Each structure stands twice: as structure tokens, then as C-alpha cells.
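Written below as C-alpha cells is the structure these notes are about.
Chains as they are written, first to last, in my numbering: chain G, 19 to 618; chain U, 33 to 224.
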């Protein structure tokens with residue numbers, strides 16, 4: 019128990035200690051004052067701009083949005099084609115064939131939008147070339163896009179009476195080459211040092227110590243599974259001494275998967291796989307990498323608007339929310355599954371076992387680090403998992419779900435977390451303004467009807483798609499047939515899928531069979547709208563704010579760096595989230611919790 | 033509009049080459065040159081043949097061996113080319129049935145042992161490839177393994193201790209026992 023608390027305190031301590039240096043570094047990068055240790059890269063950057071025809075001219079928000087959309091559309095096309103054509107492309111030692119059209123569509127949209135929902139299983143579907151040139155690339159680009167949009171919104175607050183919010187190409191390029199790439203190289207190599215693999219070899223067959231006997235499903239000549247008259251798969255007993263171990267360039271993808279809050283694993287088991295996340299220290303660094311840039315950007319924000327206290331206020335609000343959510347997950351998972359007690363199972367916490375609800379968790383992480391990871395990955399829009407969320411206790415699963423539904427503004431995705439939270443801040447000052455009958459202002463900018471409309475779109479579009487999509491899916495047979503667990507938990511699986519897609523998270527209650535044409539298409543559209551229908555209003559807000567005059571602070575201005583504002587912001591996030599999602603959560607995890615604890 | 037598209041296209045191609053080809057190949061090159069064993073999967077080689085990876089669990093059902101975490105991979109357990117968990121929810125009757133069967137299998141293998149079964153020994157791991165069990169799960173099986181192999185429990189306990197890793201740096205993660213390495217060491221003991 020004491021050790022568990024210590025691990026969490028060390029994690030938050032290291033994270034907060036890195037916030038300021040990284041925040042300062044990122045401000046300098048985006049403002050073009052490169053620190054000396056990266057200045058040698060500048061000629062390459064300038065050459066890149068010349069070759070691409072980038073004039074570095076400042077853009078209005080509409081042009082900024084257009085550039086971002088072109089770039090994203092190309093990404094969708096490239097990832098789709100790479101999957102469809104991978105059978106003819108190099109670096110495919112396992113001879114993976116073309117991915118189905120609906121799965122390719124879903125994966126392309128999901129990786130371009132920083133969602134990284136995995137309808138597929140990596141090691142049985144994707145060639146190394148697709149993983150590298152398709153998925154790893156989008157891990158960088160979608161993260162860089164999110165960071166660019168956040169910086170554009172910060173400029174909206176920092177500037178006054180101008181029409182422009184920066185140049186998308188410059189912001190995106192600098193995010194990639196000065197921030198994401200160097201951090202990824204370092205992290206990838208440290209992960210290899212811990213045991214993460216990094217090779218281009220074919221899968222490795224080994225001779226196991228003991229023979230395994232299992233029921234192997236039989237297939238006909240064309241590879242389709244055979245079924246008997248009753249529709250059950252036909253199997254034969256097979257005994258083997260062979261274990262085939264999947265290989266690949268894992269560490270390089272793993273590093274950017276966490277740093278870019280992407281979350282799409284190389285393997286199906288994601289960060290639970292020992293080759294992705296081999297040790298507790300690798301796990302610690304993975305968790306650190308998820309929150310690193312989102313936390314740093316809060317400082318960058320404060321620094322760019324000329325008052326670092328504003329950035330800290332946002333970061334403290336996030337940290338308080340995070341601590342509360344984490345406590346619930348840890349408590350629920352450490353308590354274990356009450357139904358096991360009657361079966362002679364020991365779930366107690368002791369020096370020799372982690373105890374608690376160990377279904378779908380790894381021994382090296384135990385409960386403390388599984389619950390911590392789950393809270394981090396859903397606070398951020400990462401979606402990597404080191405434990406299977408579908409097997410969490412009802413309350414342990416409710417928190418990840420609720421965090422995604424709040425819009426992942428607790429640290430959040432790289433860029434998207436900050437711009438999401440700043441939208442909430444705009445709503446918070448608006449609510450405060452209503453209470454006292456004053457025109458709201460934030461950071462010296464008057465918040466007017468247009469700004470509130472844009473902020474409202476960002477707040478209202480996600481619940482509309484999440485709840486609408488879930489409602490449709492649970493009414494259709496194609497939707498219901500994918501459900502794996504019975505009862506209220508099955509409803510949670512569908513609700514989680516749509517929340518995760520719209521929130522661009524990508525984690526899942528993975529029992530849901532989502533690799534079907536229905537879910538691949540529905541969730542594909544959900545990730546797209548969940549990303550760009552929010553980014554476009556955010557950029558419009560940035561443009562509107564940049565054009566406003568700065569009004570001087572007066573005695574009537576509300577201070578937005580005080581504890582009062584921190585609580586107001588936390589209250590706004592929780593209130594908006596509760597109003598939208600409490601009924602849906604009641605139908606899923608809440609009912610299941612009552613069932614589990616004996617209330618019928 | 034068209035100029036923006038041309039910029040998008042050229043920068044997309046160039047940055048793809050940088051992040052999708054150059055970056056992974058650079059990391060592969062450095063990793064292979066400096067940490068080849070780890071970069072290639074920490075394989076355990078015996079008599080010139082690979083017999084497993086110290087990071088990947090294998091399936092054990094012979095009572096003479098320590099058993100590892102149950103694995104929900106298909107079609108066989110511990111399938112290292114199709115990782116994954118059971119995804120069974122906490123109130124799913126199928127989960128309770130499965131756990132009940134696993135408890136029974138452990139009891140059948142060791143009839144005299146009435147101690148409660150450590151939870152990690154009857155619940156499926158997240159990856160289906162968990163190479164470790166808790167020290168409690170090793171202790172639970174220790175007397176059985178020693179009896180069936182005809183060696184003193186203390187000799188086995190010593191071996192378990194050798195293959196137990198504490199928390200990393202004394203703080204991070206959980207103490208754990210590497211099952212495959214432990215079983216290999218047990219077999220070596222018998223021969224030696």
C-alpha cells in the first residue's frame with residue numbers, strides 16, 4: 019500500500035519536474051528561438067521548406083484549417099493504400115495479405131485522427147512496412163497536428179488585433195523534427211535496453227519445454243473455417259512443442275505511440291505485451307511519455323500568454339481531477355472481485371502478491387501500475403493499455419469511460435488536451451459572467467456570442483455522436499451481435515467503443531467484436547467527426563480571439579490563476595460531463611456494480 | 033487551394049520518409065549494433081536451439097513444473113503470434129466457471145494442499161504471454177513440485193529465490209518469478 023502510493027507520488031513528481039523545462043523548450047521552438055543544441059538542424063529545416071514550397075507566411079484560421087485537412091486527407095489515403103497493397107510491398111516476412119476494405123478504412127481514419135483504435139490484431143494483420151511507413155508515420159503526424167492546433171489557439175489568446183494564427187506547415191514540421199522525433203529516438207533506445215524488441219526478422223519458432231495439446235480449428239482448401247451441421251467450428255486435437263514468437267520493429271513505434279498519445283500497439287495486447295512493455299521501468303517511462311507533452315504544453319501556454327500562473331492553474335486543475343479519478347480505479351481494482359472469494363481464491367494484498375482483480379492484468383505491473391496506466395491512458399487520449407479494461411471491475415471501468423466522455427481534458431492528448439481544456443475555461447468564465455451579470459473575459463479577451471458558439475460546438479458534438487451512435491448500435495442486430503459479455507457489461511462495451519472513437523482515445527472494452535463492416539464504418543465516421551468537427555471550431559475560436567482588442571485588467575476582471583478559478587474549471591468539466599453522460603453510465607457500469615455487490 | 037495541396041503532398045512524402053523509414057531503421061541499426069540479444073527477443077538458447085524467450089510465457093500443465101499465468105490466447109494458450117486477454121467481464125458467469133475449473137485443476141494436481149489459491153494463478157493475463165507469477169503463486173506450488181521431483185522443498189525454495197525479481201530499483205512494479213527460467217533450472221537440477 020505504502021509502496022503503491024510511493025510509486026504514484028514518484029510518477030507525478032517526475033512529471034511535474036519535467037513540465038517547466040519542456041514547456042520552455044517548446045515555446046522557444048514554436049517562436050523560432052531555437053536553443054543552441056538543436057540549432058544545427060535549422061539549415062535542414064529551411065531546406066525542407068524550400069523544397070516543399072512553404073513560404074512561412076502567417077495564415078488566417080481558414081487557411082490553417084485547409085492546410086491541416088489536406089495533410090490529414092493524404093494521410094488517410096496513404097494508410098488505406100498501404101494496407102490494401104501490403105502483400106506487394108517489402109518488409110513483409112510473414113507474407114501478410116491485403117487488409118479488408120472496411121478494416122483498412124477504419125484503421126486509416128483512426129490513425130490519422132490520433133485515435134489508434136485497433137479493430138485488427140497487429141501481429142496477424144500488418145506487415146512491418148505498413149506498421150512503419152503507415153502507422154508510425156501517422157503517430158507522428160497526428161500528434162504534430164494536435165500540437166499545431168493547440169499552439170494556434172494559444173496564439174489566439176496571446177495576440178491581439180491581428181488576422182493570423184501562425185503557419186500550419188511550420189508548426190507541424192517543428193513539432194515533428196524538434197520535439198517528437200528526438201524524444202522518440204531516446205525513448206525507443208531506452209525501451210530496447212529494457213527488453214523491447216527492434217528487428218525486421220521473420221517470426222521466431224522455439225521448442226517449448228512441455229508439449230501443448232489444443233483444439234485446432236480446421237479450415238477448407240480456401241482457408242475458411244469448417245463448421246459442422248450445428249454451426250460449431252470443426253476442430254482436431256493437435257500436440258505441439260513449437261511456439262512461434264512474433265517479431266518486428268516494435269520499440270520505435272512504441273516510443274512515438276506513447277509520446278504522441280496515439281496508443282496503437284504493434285501487437286494486439288498493446289502495452290501488456292512483454293515485447294512492448296517488458297519491465298516496470300519501461301512501464302514507468304511509457305506512462306511518463308503519455309503525459310509529458312500535454313503537461314509541458316500547459317507551461318508553454320502560460321509562457322506564451324505572458325503569465326505562467328495561467329498555465330499552472332490549468333495544470334493544477336488537471337492534476338486534481340486526475341488524482342480523484344485515479345483513487346477510484348485503484349480502490350476498485352485492489353478490492354478485487356467479490357465473486358472469487360467463495361471459490362477459494364486469495365485476493366488479499368501482501369508482500370508476496372499484488373492481490374486484487376488480476377483478470378486481464380500482468381504480474382509485473384500488478385494492480386497499482388495497471389490502474390495507474392488505465393487512468394493515464396484515458397485521461398490523455400492515448401488509448402494504449404497494459405491491462406484489459408473489459409475485465410476491470412465495474413467502477414474501475416467506469417472511470418476510464420467517464421474520463422474519455424469528459425473530452426479527455428485531464429492532461430489529454432498532445433495538443434488536444436490543452437485546447438479542450440481551454441475551451442472549458444472559456445465556458446467557465448462564461449458561466450461565471452452569467453452569475454454576476456458581466457461580459458465574460460479570459461486573458462484580456464472579451465468572450466462574445468461567436469466564441470461561445472464555437473466553444474459550445476466543441477462541448478456538444480461529442481455527446482451527440484457518442485450517445486446517438488450507441489443508441490443506434492444497441493438497436494440493430496449487427497450492433498448487438500458484436501457484444502461479448504452478457505448483461506449491463508455488454509452495453510458498456512458498446513458505449514465504450516463509441517466514446518473511445520469520438521474521444522479519439524482508441525482503448526476498448528475489447529471483448530466487443532468490432533472488426534465487422536458495421537463497427538468499422540460507424541466507428542470510422544465517429545473518429546473523423548470527433549476529431550475534425552472539434553478542431554475546426556477550435557481554429558475558428560483562435561481566429562476570432564486573435565482579432566480582438568486586448569482589454570486592460572480592471573478591478574472588475576475575474577482572476578483566472580486563483581484557486582477559485584481552479585475549482586470553477588473543475589466544476590464546469592464535471593458538471594457538463596455529468597449532465598451529458600450520467601444516464602448512459604447508469605445503464606452500464608453502475609447497474610453492473612450494483613449487481614456485483616449483491617443488489618438485485 | 034492547389035498550391036496548398038502541392039505543399040501538403042511534398043511535405044507528406046518527405047516527412048514520411050523521415051519518420052516512417054529513416055527513424056525506425058536508425059533505431060533498428062543502433063539497437064542491433066549495441067543490444068542484439070534484447071532487440072531480437074531475449075531468446076533462451078539451449079544446446080544451440082532456441083527454447084523460448086525470457087520475456088514470453090510458455091504453457092505448463094505437468095504438475096512437475098511450476099505453472100504460469102493462465103492464457104486466453106487462441107487456438108492454443110501462450111500463442112506468441114496472437115497475443116490478447118480473455119476480455120471476460122467481472123460479472124460474466126463464464127469467468128466464474130473458468131476460475132472454478134482452474135482452482136479445481138490446481139487442487140487435483142496437489143490433493144493435500146488446502147491453502148487458498150493466489151489470484152494471479154487462476155486469472156488470465158492481459159497479454160496471454162505473461163512470463164511471471166507472483167512469489168505467492170510460486171510458494172503455493174512449491175511443495176507439489178518438490179514432492180513430484182523427489183527433492184527437498186528447501187532446495188526448490190532456493191531455486192525460486194534465485195529466479196525471483198524484486199521491484200525494479202526497489203520501488204517500481206511488483207516482485208515476480210520467471211516461470212520458464214525457473215522450470216529450465218529445475219530440469220537442469222535433475223540432470224546435474
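All C-beta atoms in this analysis are idealised placements derived from N, C-alpha and C, irrespective of residue type, glycine included.
Owing to the predicted nature of the structure, the values given are computational and were not obtained by experimental measurement.
Check your understanding: Can you list, in chain order, the residues of its chain whose CB lies under 8 Å from that of residue 578/G, leaving out five sequence neighbours each side?
Key -> If we look at residue 578/G and ignore the five residues flanking it on each side, its Cβ neighbours are 328, 331, 443, 447, 460 and 461.
Point to revise | Sheet register partners of residue 371/G (DSSP bridge) | key: Per DSSP, 368/G.
Review point. In three-state DSSP terms, what is residue 398/G?
Key: Collapsing the DSSP output to three states places residue 398/G in coil.
Practice item. Mind the definition here: the region 256 to 267 of chain G touches the region 190 to 203 of chain G only if three or more C-beta pairs lie below 8 Å; say whether that holds. Key: No, the region 256 to 267 of chain G does not touch the region 190 to 203 of chain G.
Point to revise | Anticipated Cβ contact below 8 Å, residue 529/G with residue 509/G, distance rounded | key: Wrong, their Cβ atoms sit about 12 Å apart, outside the cutoff.
**Study point:** Beta-carbon proximity list for residue 500/G, same chain, < 7 Å, skipping 5 on both sides
**Key:** Taking C-beta separations shorter than 7 Å and ignoring five residues to either side along the sequence, the partners of residue 500/G in its chain run 530, 531, 532, 534 and 537, following chain order.
Exercise for review: Could you check what DSSP says for residue 259/U in three-state terms: helix, strand or coil?
Suggested key: Any question about residue 259/U goes unanswered here, given that chain U covers just 33 to 224.
Point to revise | Proximal chain U residues relative to residue 614/G, where beta-carbon distance stays under 7 Å | key: Simply 122 and 123.
Review point. Under a Cβ-count criterion, where at least 16 other Cβ atoms within 10 Å of its own Cβ denotes burial, should residue 469/G be classed as buried or exposed?
Key: Buried: at least 16 other Cβ atoms inside 10 Å.
Point to revise | Segments assigned alpha helix (DSSP H), at least 4 residues, entirely inside the region 176 to 227 of chain G | key: If one requires a minimum length of 4 residues, the alpha helix (DSSP H) runs lying completely within the region 176 to 227 of chain G are 186 to 192 and 199 to 212, in chain order.
Exercise for review: Specify, as a first and last residue, the run of the alpha helix (DSSP H) that residue 20/G falls within.
Suggested key: In the DSSP annotation of this structure, the continuous segment of the alpha helix (DSSP H) that includes residue 20/G starts and ends at 20 to 48.
Review point. Got a sec? Which residues, its chain only, sit under 7 Å from residue 427/G by beta carbon, not counting five neighbours each side?
Key: Closer than 7 Å at the Cβ level, and outside the excluded window around residue 427/G, lie 435, 438, 439, 442 and 591.
**Study point:** Residue of 386/G, 596/G, 542/G and 408/G minimising C-alpha distance to residue 487/G
**Key:** Nearest C-alpha to residue 487/G: 542/G.
**Study point:** Where the alpha helix (DSSP H) containing residue 593/G begins and where it ends
**Key:** Taken as a continuous stretch (DSSP letters only), the alpha helix (DSSP H) holding residue 593/G covers 581 to 603.
**Study point:** Endpoints, beta strand (DSSP E) assigned at residue 260/G
**Key:** Counting along the chain, the beta strand (DSSP E) containing residue 260/G begins and ends at 253 to 263.
Check your understanding: For residue 233/G, which beta-bridge partners are listed by DSSP?
Key -> Paired residues: 255/G.
Check your understanding: Start and end of the alpha helix (DSSP H) containing residue 342/G?
Key -> Its alpha helix (DSSP H) spans residues 326 to 352.
**Study point:** Own chain residues within Cβ distance below 6 Å of residue 378/G, not counting five before or after
**Key:** For residue 378/G, where only same-chain residues beyond five positions count, the Cβ hits under 6 Å are 405, 406 and 409.
Check your understanding: Which residues in chain G sit within 8 Å of residue 42/U, going by Cβ to Cβ distance?
Key -> Ordered by position in chain G, the residues that pass the 8 Å Cβ test against residue 42/U are 69, 70 and 71.
Check your understanding: Using a Cβ cut-off of 9 Å, which residues of the region 368 to 379 of chain G contact any Cβ in chain U, in chain order?
Key -> Identification of residues in the region 368 to 379 of chain G having a C-beta nearer than 9 Å to some C-beta of chain U yields 368, 369, 370, 371, 372, 373, 374, 375, 376, 377, 378 and 379, given in sequence order.
Check your understanding: Along chain U, in chain order, which residues have C-beta atoms closer than 7 Å to that of residue 151/G?
Key -> Those are 48, 52 and 53, listed as they occur along chain U.
Review point. Within this structure, are the beta carbons of residue 146/U and residue 218/G separated by less than 9 Å?
Key: No, these two residues do not count as a Cβ contact at 9 Å.
Practice item. From the DSSP output, in three-state form, read off residue 105/G for me. Key: Assignment of residue 105/G by DSSP, reduced to helix, strand and coil, places it in the helix class.
Practice item. Would you give the residue range spanned by the beta strand (DSSP E) that residue 77/U belongs to? Key: Residues 75 to 78.
Exercise for review: Using a threshold of 9 Å, state whether the C-beta atoms of residue 401/G and residue 395/G are closer than that.
Suggested key: Yes. Within cutoff.
Exercise for review: Decide if residue 567/G is buried, meaning its Cβ has at least 16 other Cβ atoms within 10 Å, or exposed.
Suggested key: It counts as exposed.
Check your understanding: Can you list, in chain order, the residues of its chain whose CB lies under 7 Å from that of residue 326/G, leaving out five sequence neighbours each side?
Key -> Cβ-Cβ distances below 7 Å link residue 326/G to 317 and 320 in the same chain, with the five nearest sequence neighbours on each side left out; the list follows chain order.
Review point. When burial is assigned at 16 or more other CB atoms within 10 Å of the CB, is residue 616/G buried or exposed?
Key: Residue 616/G is exposed by the Cβ-count criterion.
Review point. Relative to the C-alpha of residue 85/G, which residue among 145/G, 68/G, 345/G and 163/G is closest?
Key: Comparing Cα-Cα distances from residue 85/G to each of 145/G, 68/G, 345/G and 163/G, the minimum goes to 163/G.
Exercise for review: Look up residue 84/U in the DSSP assignment and say whether it is helix, strand or coil.
Suggested key: Note: residue 84/U maps to strand in three-state DSSP.
Review point. In chain U, which residues lie less than 9 Å from residue 207/G when you measure between Cβ atoms?
Key: Chain-order list of chain U residues neighbouring residue 207/G: 59, 62, 63, 66 and 67, by C-beta distance under 9 Å.
Check your understanding: Straight-line CA distance for residue 572/G to residue 588/G?
Key -> Whole-angstrom Cα-Cα distance: 25 Å.
Review point. In this structure, does DSSP put residue 75/G in helix, strand or coil?
Key: The DSSP-derived three-state label of residue 75/G is coil.
Exercise for review: Under 7 Å Cβ to Cβ from residue 574/G, same chain only, skipping five residues before and after it: list those, please.
Suggested key: In the same chain as residue 574/G, and ignoring 5 residues on each side of it, the C-beta atoms closer than 7 Å to its own belong to 456, in chain order.
Practice item. Would you list the one or two residues that DSSP bridges to residue 196/U? Key: Secondary-structure assignment with DSSP links residue 196/U through a beta bridge to 209/U.
Check your understanding: Run through DSSP, which three-state label would residue 177/U get?
Key -> DSSP places residue 177/U in the helix class (H, G or I) of the three-state scheme.
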